[in-house]
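Here it is, written out as C-alpha cells:
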C-alpha cells in the first residue's frame, strides 16, 4: 500500500511538471517593451519553484515508502535535527527573498519611473460595467472632471462643460487606440467601485480606485486588437466588463483621433 501511495505521489509530480514544460497553457504573446523582462523574471521564479516542488514530492514519496509500517512495529517520536531544520529554513529564505528582490526591481522600473514627456496620454475611467477612454484635444489639456456632471449617455467621464480645456477632449467607450512604438501614459480612474485594468499581452494589471488618479505607462510593440479585461470583481455584471485596445500605426492612430473628434 505504501509503495502504491509513493508511486501515486511521484506520478502526480511528474505529470504536473510535464504540463508546464509542454507549453500548451502559457502566456499570450508579449506586446510591450517591458514584457520580456516580466517573462524572464517569471521564468526564474517558476524554475526555482518547479524544481523545489518536484524534489519535495520525490522526497515525500520516498519517505512514505521508506518509513512505512512493518508488521507490529510502532511509531517512534523523534526530536528532529535543529541544525538541519535551521539550514533549510535559512536557505529557503535566501532563495525566495532573492527572487522577491529581483521581481521588485522589474516592477519598480515601471511604477517608479515617470512616463516620457512625449507619451500619448489616455485617461481611463472604469464604471460598472464599462471602460471609458478620454484623450486631450489639440490643446493637449484635459478638461476638468466633476462627478456632478456624470451622464452615462452624453458625458460619461463628467467633463465640466464650462471648462474651455475640455471643449476639444475626445472620448471613446469600449475602444482605446494607441500608436505602436510610442510610450503611452494611462491615467486610471473609477466612478464607483474598484476596477482593474488588465491586458495580458502588456504584462501588467493595475487597479482603478475611486477618488484616485493612478498613472501607469507602457510602450506597445505590435499592432493589433487586444482585449482589455476588468480583473477585479466589481459586481454582478463583472463578466461583461471588457473593452479592446487597438494598437495602430502613427498615421492610423491620428486618423482614428480625427474621426472620433468629428463624431
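Residue numbers (my numbering): 89 to 351.
No residue lacks a Cβ here, since even glycine has one placed at the ideal position from N, Cα and C.
For clarity, every value in this text was computed on a predicted model and none was experimentally measured.
| Query | Result |
| --- | --- |
| Kindly give me the distance between the Cβ atoms of residue 119 and residue 290, rounded to whole angstroms, as I take these residues to be in contact under 8 Å. | 6 Å |
| Taking 8 Å as the cut-off, decide whether the C-beta atoms of residue 320 and residue 340 are in contact. | no |
| Starting from residue 173 and walking both ways along the alpha helix (DSSP H), at which residues does that stretch end? | 170-199 |
| Using only CA atoms, which one of 305, 345, 332 and 337 lies nearest to residue 198? | 305 |
| Pull up the DSSP beta-bridge partners for residue 330, would you. | 317 |
| Measuring CB to CB, does residue 247 end up less than 8 Å from residue 231? | yes |
| Just reading off the beta strand (DSSP E) that residue 293 is part of, what are its end residues? | 292-296 |
| Go through its chain and collect everything with a Cβ distance to residue 149's Cβ below 7 Å, but skip five positions before and after it. | 94, 97 and 98 |
| Quick one, which of 155, 105, 124 and 126 has its alpha-carbon nearest residue 145's? | 105 |
| Is the Cβ-Cβ distance between residue 188 and residue 303 less than 8 Å? | no |
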